[in-house]
Amino acid sequence: MTVPWNINAAANVRGSTFYSTTVALNSAPDIFYNSFVYMSIPRGGKGKAGYSTEDGAEYASSAGMSMSWSTFLYGEDAWVYVSTLDPADTISSATYVTIRPTNLGFTKQMVNHTTIRILVPYQAQGYRFSVEFNTQLVTTYNTLSGSGSGEPSTTPGPNGVPIHVEPRNSLLIFAEAIPTGTRATALIPSTGDIYYPTAGSLTAVENINHQIIYFQPGVYYMDANYAPVLSPTVQWIYLAPGAYVKGSFEFQGGASWLKITGFGVLSGEQYTYMPDRNNGLNLALADKCDGSCVKLLQFFASSGTSPHLDLHGVTIMEPPFNSFVVYANSDSDLNQFSMSVSSYHQVGAWYWQTDGLELYANSIVENSFFHANDDVMKVFHSDSSSSNVVIWKGENGPVFQFGWTPRNIQNISVNGVDIIHDRIWWEDIKINTCLDPSSFTTADTTKTILIFSNIRNEGKNHVGALSNMVNINVNNMWIESLERNASYPSAERFSYVG
């Protein structure tokens, strides 16, 4: 079933049909600023264009799901006014609306029967949160029909078990600090070799031979059969607030530093699922196209360059495959790649294989939000850290993934992660080790992993590992409810292997 919304024209942006938001400073509560609300829908509303195979968006599409979001920049405490545009979403008190993560403790007040306001305190790290109207909540069940994994449904059927509760039409708010001083200088290009594309159709991007590509506010779009490989001279892409780019960027190696900054949007909505360069950017002919399928952001770590990436502020929307990948000719070259990621947002990840980020050696990921339908945080390398991250996960893959085979990694810190939704409904056991289901027969007890601190999971979850938990600290892990395995209802899905 295709979600019943029309596809926006290439030069337009889909605005939310469910929510509107305005912002007022706490010090000037009568002066209001509109904050545009974007909206993502499964497959960009275009259905399975040219294919009939499974793509992972079946359930979200049939359930009529959508994800709206709004980003604003602030420098002091601010009130966010959220109004529902759906007549069925009327409220009689502020208790009809839930803010997730639920431990934020924000003040919320009912304004009228369709509007609530939320006081967002200022902090340099910003906040990323979900605003959920009770009337939008839908329960996902595993009907336990068929064989193997079962089937998801919004109705239980005769044998179904509840898996998770989430909004059918969700709303996310990204409140980010205004960059100032040296931080602004590092994140916003103002001098140097800068190229300013013209809003509208983007062609011949590979011929831009400038160090910086600066997208000013406006809508830019690439065709569905176009995914450029950038000139090696390009090192910095800046997406200004209000810039909306439909496309992808593949960087060549050779540079010692790279930047992707700004509070604009990079969307893959025009691409089909698994757009394969070996098949004209149509659906991949093979089950695996890791090397040839388009990623919205792709990099290459050249030998001897030790490249460092600064990734800040950008919102990635509707990735058609992995959203972010770094390649190299050898593991040693890949281990020289590092990155600093902050105020990064990924939304509308409806397809399978829409992973989050891989944590490379000597890298930091902080103050970010991930909606993903596969491995969210891939903890494959030593000497990395992540903190203050909010996660909303679909049905596929784990929240934290340590690899498809056991590996020896160390000096890793994962601190302050809030998993606000996790719809994994698979009934059978998978083999990638994770904070989620895993195989209990292939553990290697000689391998060590990492440190978890202050991990919160709202709703049901399941935990397992393929590696030995020796010399690992797990501090302040809170799981609201451990999911029971429907095939073995007396057993909780919390397993220690080692």
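If you're matching positions, the sequence shown starts at -14 in our numbering and goes up one per residue. We put the beta carbon where it would ideally sit given N, CA and C, even for glycine. This one's a predicted model, so the numbers in the text were calculated from it and none came from an experiment.
#1: If you run the structure through DSSP and keep just helix, strand and coil, what is residue -5?
#2: For residue 2, I'd like the list of residues in its chain whose CB is within less than 6 Å of its CB, leaving aside the five on either flank, ordered along the chain.
#3: Buried or exposed: which applies to residue 148, given that a residue is buried once 16 or more other Cβ atoms fall within 10 Å of its Cβ?
#4: Report the residue ranges of all beta strand (DSSP E) runs contained in full by the region 259 to 310; include only those spanning at least 3 residues, in chain order.
#5: Per DSSP, residue 149 is paired with what?
#6: From the DSSP output, in three-state form, read off residue 190 for me.
#7: Going by the beta-carbon positions, is the gap between residue 301 and residue 308 smaller than 8 Å?
#8: Check whether the Cβ of residue 291 lies closer than 7 Å to any heavy atom of the ligand ADP, and answer yes or no.
#9: Need the endpoints of the alpha helix (DSSP H) that residue 318 sits in, please.
#10: Kindly confirm or deny that the region 83 to 103 and the region 129 to 146 touch, where touching means at least three C-beta pairs closer than 8 Å.
#11: Give a yes or no on whether the C-beta atoms belonging to residue 253 and residue 304 are separated by under 8 Å.
#12: From residue 155 to residue 53, what distance separates their C-alpha atoms?
#13: Below 8 Å on the Cβ atoms is my contact criterion, and I expect residue 173 with residue 164 to pass it. Report the Cβ-Cβ distance as a whole number of Å.
#14: What does DSSP give as the partner residue(s) for residue 137 in the beta ladder?
#15: Within the continuous beta strand (DSSP E) that includes residue 66, where are the two ends?
#16: Determine the direct distance from the alpha carbon of residue 83 to that of residue 72, and round the result to whole angstroms.
#17: Using DSSP with H/G/I as helix, E/B as strand and the rest coil, what is residue 466?
#18: Give the straight-line distance between the Cα atoms of residue 59 and residue 268, rounded to the nearest whole angstrom.
#19: Please determine, among 278, 333, 277 and 238, the residue with the shortest C-alpha to C-alpha distance to residue 287.
#20: Give the secondary structure of residue 166 by DSSP, where H, G and I count as helix, E and B as strand, and everything else as coil.
#21: Bridge partners of residue 206, per DSSP?
#22: Please report the residue range of the alpha helix (DSSP H) in which residue 43 lies.
Answer, in terms of the structure:
#1: Residue -5 falls in the coil class under three-state DSSP.
#2: none
#3: buried
#4: 282 to 286, 293 to 297 and 300 to 302
#5: 125
#6: helix
#7: yes
#8: This structure simply doesn't include the ligand ADP, nor any ligand for that matter.
#9: 316 to 319
#10: no
#11: yes
#12: About 6 Å.
#13: 7 Å
#14: 127
#15: 63 to 69
#16: 18 Å
#17: Three-state result, residue 466: strand.
#18: Straight-line Cα distance between these residues: approximately 41 Å.
#19: 238
#20: helix
#21: 186 and 231
#22: 43 to 47
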